[in-house]
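Reviewing the structure listed below.
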Amino acid sequence: MSAAKPSATIRYTAMRLSIFVGCFAVAAVAVHFGLLPSGTNGSNFVWVILLALVLSAPLSYVLLRKQRDEMSEQIVSKVDRAKERLEANRTREDHVTP
Numbered sequence: 003m004s005a006a007k008p009s010a011t012i013r014y015t016a017m018r019l020s021i022f023v024g025c026f027a028v029a030a031v032a033v034h035f036g037l038l039p040s041g042t043n044g045s046n047f048v049w050v051i052l053l054a055l056v057l058s059a060p061l062s063y064v065l066l067r068k069q070r071d072e073m074s075e076q077i078v079s080k081v082d083r084a085k086e087r088l089e090a091n092r093t094r095e096d097h098v099t100p
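Structure representation (structure tokens):
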């Protein structure tokens, strides 16, 4: 008995979110201690979110390459199976005689 393999999309999304949260924490600490400039007129929270997005995007691109490839393979295989089912249904309908 084998356990079902978790969805590659869910795993990728969770890892991507984790990287963002980590970058958010680092950016918040850096802004708090003055290592990075803070936002103006009370926009500090939005500024930290933007910094976290800018930091997490390239990190995710590099660090999650394997997970992105797995997700892509899983999606392609599901799309191929759906196309095969649609083709089988289409050809079965063509051979029906009244």
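Each residue of the sequence shown is one higher than the last, beginning at 3 in my numbering. Virtual Cβ for every residue (Gly too), placed ideally from N, Cα, C.
Item, Value
"Check whether residue 21 and residue 62 have beta carbons under 8 angstroms apart", "yes"
"Residue range of the unbroken alpha helix (DSSP H) whose run includes residue 43", "Careful: residue 43 lies outside any alpha helix (DSSP H) and carries neither H nor E."
"Rounded distance between the beta-carbons of residue 72 and residue 10, thought under 8 angstroms", "4 angstroms"
"Inter-stretch contact (C-beta, 8 angstroms, three-pair minimum) for the stretch 39 to 52 and the stretch 72 to 89", "no"
"Proximity below 8 angstroms, CB of residue 54 to CB of residue 29", "yes"
"Nonlocal neighbours in the same chain, by C-beta distance under 7 angstroms from residue 41, ignoring five residues either side", "48, 49"
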